[in-house]
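Respectively, the protein sequence lines represent chains A and B.
Residue numbers for the first sequence follow the working numbering, so the first one is 1 and each next one is one higher.
Residue numbers for the second sequence follow the working numbering, so the first one is 1001 and each next one is one higher.
Beta carbons: idealized from backbone N, C-alpha and C, even for Gly.
What you are looking at is a predicted structure, and each value in this text was computed from that prediction instead of being measured.
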Amino acid sequence: MAESRFVYVTYIRTSPAKLWEALTNTEFMKAYFFGFTFDTQWRQGSSWRMLSPEGVLFDGGEIVAFDPPSRLELSWRHEEDAQAKAEGFGRCVFEVAPAGEASKLTVTHTMPVAESRTISMISEGWPQILSNLKSLVETGRIAV
Amino acid sequence: MKPAEEINEETIMAESRYAYVTYIRSTPQAVWDALVSAEAMRTYFFGLPFEADLRPGGAWRRLFPDGSLMTEGELLEVDPASRLVMSWRNAEPEKHAEGFSRCAFDLAPAGGTATRLTVTQSIGIANSRLIAAVEAAWPQVVANLKSYLETGTVALTVPAP
């Protein structure tokens, strides 16, 4: 089956509960997500939208699973780039697990098309965003 | 029999590759220094002893705590604060039989405050056990390296399962 996939694993020196809070707190997200607003009710079945600091809709979808502090699953369609939007909905799953004194975060973003433009775009974005998340949680400041 | 061009394509495609990108709030020089420092690795690389003759053609090796050989190879490119490339073979018999992989570390300034570190490891065979192993290990080591440079301590003191 045609699929494109991006997987990123990192380890963050914090508890799963605090990492979950960082992943699902709209105000905290702004700091590590380049000022974007993640607009949602944070419940299974809620819609979500990601807006740029200028208010432009970049991404949106539905919260498919909301299981604190271990699993957040979003349906995800990019909205700003026409070619990526035409690829339709994919999935982005956040998995949090304890790892010693740290937490393991796995982000798996998939699209049901080969050579997805969406996956190509997010492959640049996630390493920056997740590096910022790790820095912010561990040091109180972002990296880039 | 398959057409020749199809066989050639399969030959070209036989590769296993892993790439990992992170952004560290530090300078390329400081990231470089940590990447080649046996002393720093004691903290971020699970205390495993590391030895390298830091010049192109120089040998390197990493040992287990008991002193037995874990991985070894040769430094192929040594371009301080920018690029480090090494050949890399694992001593465990099944991985040793795969021969040498190639591991590259690329450093670049990012956003005025950070360094982008890209680790790319590849080997010329499909479904490599070595690449499967480093795929599990690099996120741990690089997460530790980032924590070490940004905070002085690490995320994982022992390898995660």
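Using a threshold of 9 Å, state whether the C-beta atoms of residue i and residue j are closer than that.
i: Tyr32 (chain A); j: Pro1139 (chain B); result: no
i: Leu1035 (chain B); j: Leu1076 (chain B); result: no
i: Ala1136 (chain B); j: Ser1147 (chain B); result: no
i: Glu1150 (chain B); j: Thr14 (chain A); result: no
i: Val113 (chain A); j: Glu79 (chain A); result: no
i: Tyr1020 (chain B); j: Ala1110 (chain B); result: no
i: Phe66 (chain A); j: Arg43 (chain A); result: yes
i: Trp20 (chain A); j: Val96 (chain A); result: yes
i: Thr37 (chain A); j: Leu51 (chain A); result: yes
i: Lys134 (chain A); j: Ala1160 (chain B); result: no
i: Pro1093 (chain B); j: Gly1067 (chain B); result: no
i: Leu1130 (chain B); j: Leu1117 (chain B); result: no
i: Phe1046 (chain B); j: Asn1144 (chain B); result: yes
Closer than 9 Å, CB to CB, is residue i near chain B or not?
i: Thr10 (chain A); result: yes
i: Gln83 (chain A); result: no
i: Ala65 (chain A); result: no
i: Gln44 (chain A); result: no
i: Val93 (chain A); result: no
i: Lys104 (chain A); result: yes
i: Ile122 (chain A); result: no
i: Arg141 (chain A); result: yes
i: Ala31 (chain A); result: no
i: Asn25 (chain A); result: no
i: Val144 (chain A); result: yes
i: Ser135 (chain A); result: yes
i: Arg77 (chain A); result: no
i: Ala99 (chain A); result: yes
i: Glu21 (chain A); result: no
i: Ser15 (chain A); result: no
i: Ser131 (chain A); result: yes
i: Glu138 (chain A); result: yes
CA-CA distance, residue i and residue j?
i: Ala968 (chain B); j: Arg1017 (chain B); result: In the structure as shown, chain B starts at 1001 and stops at 1161, and residue 968 (chain B) therefore has no counterpart that could be examined.
i: Phe89 (chain A); j: Arg77 (chain A); result: 5 Å
i: Glu1015 (chain B); j: Ser1101 (chain B); result: 10 Å
i: Val9 (chain A); j: Leu130 (chain A); result: 9 Å
i: Pro1028 (chain B); j: Ile1123 (chain B); result: 27 Å
i: Arg1089 (chain B); j: Met121 (chain A); result: 33 Å
i: Ser116 (chain A); j: Ser1037 (chain B); result: 39 Å
i: Ala1030 (chain B); j: Thr1115 (chain B); result: 9 Å
i: Glu1051 (chain B); j: Phe1105 (chain B); result: 17 Å
i: Gly55 (chain A); j: Gly61 (chain A); result: 17 Å
i: Cys1103 (chain B); j: His109 (chain A); result: 25 Å
i: Gly1058 (chain B); j: Asp1079 (chain B); result: 13 Å
i: Pro69 (chain A); j: Arg1062 (chain B); result: 37 Å
i: Gly1112 (chain B); j: Leu23 (chain A); result: 26 Å
i: Thr1153 (chain B); j: Leu1054 (chain B); result: 25 Å
i: Met1070 (chain B); j: Val1134 (chain B); result: 12 Å
i: Glu6 (chain A); j: Gly35 (chain A); result: For clarity, residue 6 (chain A) is Phe in the given sequence; the question names Glu instead. If I take the Cα positions, the gap works out to 23 Å.
i: Glu3 (chain A); j: Ser1082 (chain B); result: 34 Å
Since residue i sits in a beta bridge, which residues does DSSP pair it with?
i: Trp1032 (chain B); result: For Trp1032 (chain B), which the question treats as bridged, DSSP gives no partner whatsoever.
i: Ser75 (chain A); result: A:Arg91
i: Lys104 (chain A); result: A:Tyr11, A:Ala97
i: Ser70 (chain A); result: Ser70 (chain A) is not bridged to any residue.
i: Ile1131 (chain B); result: In DSSP, Ile1131 (chain B) forms no bridge with anything.
Step through the CB atoms of chain A and report whether any lies within less than 9 Å of the CB of residue i.
i: Lys1002 (chain B); result: Only weak support is given to the placement of Lys1002 (chain B): the predicted model assigns it a pLDDT of 46, under 50, and the question is left unresolved by the model.
i: Val1158 (chain B); result: yes
i: Ala1081 (chain B); result: no
i: Thr1043 (chain B); result: no
i: Thr1120 (chain B); result: no
i: Ala1155 (chain B); result: yes
Checking contacts by CB at 9 Å: is residue i closer than that to chain C?
i: Pro127 (chain A); result: No chain C appears in the structure shown, which is made up of the protein chains A and B.
Against chain A: residues of the region 1128-1150 of chain B by CB proximity under 7 Å: Pro1139, Gln1140, Ala1143, Lys1146, Ser1147, Glu1150
Under 9 Å (Cβ pairs) to chain A, residues found in the region 1015-1032 of chain B: Tyr1020, Val1021, Thr1022, Tyr1023, Ile1024, Arg1025, Ser1026
Of all the residues that make up the region 1086-1116 of chain B, which are near chain A by a beta-carbon distance shorter than 7 Å? Ala1110, Gly1111, Thr1113, Ala1114
Which residues, in chain order, does the region 1054-1078 of chain B contribute to contact with chain A at a C-beta distance below 7 Å? none
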